[in-house]
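Numbering (our numbering), first residue to last: 158 to 348. Below is one structure, written out as structure tokens, with a few remarks after it.
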């Protein structure tokens, strides 16, 4: 099956996702076309959806906190994945699906072909650090969405998705039972 041509890395799901046979990366294609069709691309998205449903430990929290509905996400990304006939378009569609989980530990990436350069996917494009109780921008990546939005070093971040920084990190620490607020702050701002 053509979906076996891709290596989907789901760090948080590695222990329970169904085993898939190891396969070589697709050979580089001069025009960067995905070498399998829309049905197989959709099947890869369905595999990802099902693996999240079956194995993702924080799904109930994501449903409660962010309104995540895997079937609705699949429906919204299905057309983009089917239309994604080049590797860059396909990668953007699959990464967009995974990013809706609001979890930096979940990733999707395919194995690169021998002649392909690694691609870096930038999500926000800022470096931050806590200074006292303030979350402060310490760096902005050139060409990132943060740079386009006008963020600059020294800017203070007061809320994340409409929620105060302190409340956001207290909730993150409560979801990760092994974490403390200090660990959640470090993971986000300095890791």
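All C-beta atoms, glycine included, are put in the ideal place defined by N, C-alpha and C.
Does DSSP put residue i in a helix, in a strand, or in coil?
i           : result
residue 301 : coil
residue 308 : coil
residue 296 : strand
residue 326 : helix
residue 336 : Confidence is the limiting factor: at residue 336 the pLDDT is only 49, short of 50, which leaves the residue's position unreliable, though a coordinate-based value still follows. Residue 336 falls in the coil class under three-state DSSP.
residue 211 : helix
residue 287 : strand
residue 266 : coil
Can the beta-carbon of residue i be found less than 8 Å from the beta-carbon of residue j?
i           : j           : result
residue 297 : residue 311 : no
residue 308 : residue 251 : no
residue 328 : residue 243 : no
residue 301 : residue 281 : yes
residue 118 : residue 221 : Not covered by the structure: residue 118. The range shown for the chain is 158 to 348.
residue 323 : residue 290 : yes
residue 227 : residue 206 : yes
residue 258 : residue 225 : yes
What distance in whole Å lies between the Cβ atoms of residue j and residue i, which are believed to be in contact at a cut-off of 8 Å?
i           : j           : result
residue 354 : residue 236 : Only positions 158 to 348 of the chain appear in this structure, which leaves residue 354 out of reach.
residue 195 : residue 239 : 4 Å
residue 248 : residue 267 : 7 Å
Within 10 angstroms of the Cβ of residue i, are there 16 or more other Cβ atoms? Answer buried if so, exposed if not.
i           : result
residue 316 : exposed
residue 285 : buried
residue 303 : buried
residue 325 : buried
residue 283 : buried
residue 231 : buried
residue 262 : exposed
residue 178 : Any reading at residue 178 needs caution, since the residue's pLDDT is 42, under 50, leaving its predicted position unreliable; the model's value is listed next. Exposed is the call here.
Compare the C-beta of residue i with all C-beta atoms of chain C and state if any pair is closer than 8 Å.
i           : result
residue 294 : Any reference to chain C falls outside this structure, which holds one protein chain only.
- Message: Suppose only complete runs of 4+ residues qualify. What are the alpha helix (DSSP H) ranges in the segment 214-238, listed by chain order?
- Response: Taking only runs of at least 4 residues, the alpha helix (DSSP H) segments lying wholly in the segment 214-238 are 216-223.
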